[in-house]
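Position one of the sequence shown corresponds to residue 1 (UniProt numbering), numbered consecutively onward. Every residue, glycine too, gets a C-beta built ideally from N, C-alpha and C. What follows is a single structure, written as structure tokens, with notes after it.
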Amino acid sequence: MSDNPLNTNSPGRPKDMAKRQTILEAAKFLFLSHGYANTSMDAVALEAGVSKLTVYSHFTDKETLFTAAVVAKCEEQLPVMYFELPDGMPVKTVLLNIARGFHRLINSEESVNLHRLMMTTGNQDAKLSRIFFEAGPMRMLQGMERLLGKIDQSGALSIDKPFKAAEHFFCLLKGTANFCLLYGCGGQLTEEAAEAHVQDVVGLFMRAYRP
């Protein structure tokens, strides 16, 4: 049951998007620094410099806020438009754009810290794990699945199982460097090394699904 003290379904003026972004930034900071269980909507309101009612007017409860924070982080590097297939754009260019965005996303400090948080708290809260998985990894997999289905239909690549191919694509991109970051035994790749990795993965992927 939602703990929202407001009826947010009532009509009214459009919500202040700047305040929404401020709330999201405050939520991301608190979730990462204090954990999900120790972050309250009151604390988010205080950190954002807004009233508790303002927080609830944008997000109905803490689960909704956490979901929105994860989605917002993903969209910073991988906007929805990345999973489109524009007319005239080479498939390799589309895949490279997604690969670069995903590689930046998973190796960012916020993403690494969020994954560490989920590794330590996920086994204690299966519902939270599911919220994170559906808002982050699953959302990207489904976007990639739809794109790869379109690429298959175009004839540029032969992909009979788009979802499985999407899994292959993202898992290849993570590579050893991401494991090192998560384990704290390695630093960020140089721009040159990151680009070389992305190029290698996209090249391998396209050869694997060549018609």
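Find out if the Cβ-Cβ distance for the pair residue i, residue j is shorter than 7 Å.
i: ALA194; j: HIS103; result: yes
i: residue 276; j: ALA48; result: Residue 276 is absent from the model: the chain starts at 1 and stops at 211.
Of the residues the options, which one's Cα is nearest the Cα of residue i?
i: CYS180; options: ASN123, GLU76, GLU47, ASN113; result: ASN113
i: ALA177; options: ALA166, THR190, HIS168, GLU167; result: THR190
i: GLN124; options: TYR36, ASP160, LEU32, LYS28; result: TYR36
i: VAL201; options: HIS34, ALA165, SER111, SER108; result: ALA165
i: VAL159; options: LEU172, ARG130, MET144; result: Note that residue 159 is Ile in the sequence shown here, rather than Val. With distances taken between Cα atoms, ILE159 lies closest to MET144.
i: GLU110; options: GLU76, LEU46, PHE170; result: GLU76
i: TYR50; options: ILE131, THR22, LEU30; result: For the record, residue 50 in the displayed sequence is Val; it is not Tyr. Of the listed residues, the one whose Cα sits closest to VAL50 is THR22.
i: ILE98; options: SER129, ASN107, MET140, SER57; result: MET140
i: PRO79; options: SER57, LEU105, LEU157, THR93; result: LEU105
i: GLY203; options: GLU192, LEU157, PRO162; result: LEU157
i: THR54; options: HIS197, MET206, LEU117, LEU24; result: LEU24
i: ARG210; options: PHE29, GLY155, LEU173, LEU147; result: GLY155
i: GLN142; options: ALA126, SER33, PHE169; result: PHE169
i: ASN107; options: SER33, GLY186, PHE205, PRO162; result: GLY186
i: residue 286; options: THR120, LEU172, GLU192, ALA208; result: Any property of residue 286 remains undetermined from this structure, which presents the chain solely from 1 to 211.
i: PHE31; options: SER57, LEU128, GLN188, TYR56; result: LEU128
i: MET206; options: MET81, THR93, TYR56; result: THR93
i: GLY175; options: VAL198, LEU95, SER57; result: VAL198
Legend entry - alpha helix (DSSP H) runs wholly inside the stretch 160 to 198, at least 4 long, in chain order: 162 to 183
Inset, instruction - Would you check if the stretch 123 to 136 and the stretch 63 to 82 touch, i.e. whether three or more CB-CB distances between them fall below 8 Å? - result: yes
Inset, instruction - Indicate whether the contact test is met: 3 or more Cβ pairs, each with one atom in the stretch 70 to 88 and one in the stretch 136 to 154, closer than 8 Å. - result: yes
Legend entry - Cβ contact (3+ pairs, closer than 8 Å) linking the stretch 43 to 61 and the stretch 88 to 96: no
Inset, instruction - Examine the Cβ distances between the stretch 34 to 43 and the stretch 15 to 23 and report whether three or more of them are shorter than 8 Å. - result: Contact fails: fewer than three Cβ-Cβ distances are below 8 Å.
Inset, instruction - Would you mind listing the alpha helix (DSSP H) stretches within the stretch 93 to 161 that are 4+ residues and don't spill past its ends, in chain order? - result: Fully enclosed alpha helix (DSSP H) runs of 4 or longer: 109 to 121, 126 to 135, 137 to 154.
Inset, instruction - Go through the stretch 38 to 90 residue by residue and report every complete run of the alpha helix (DSSP H) that reaches 4 residues or more, in order. - result: 41 to 48, 52 to 58, 62 to 77
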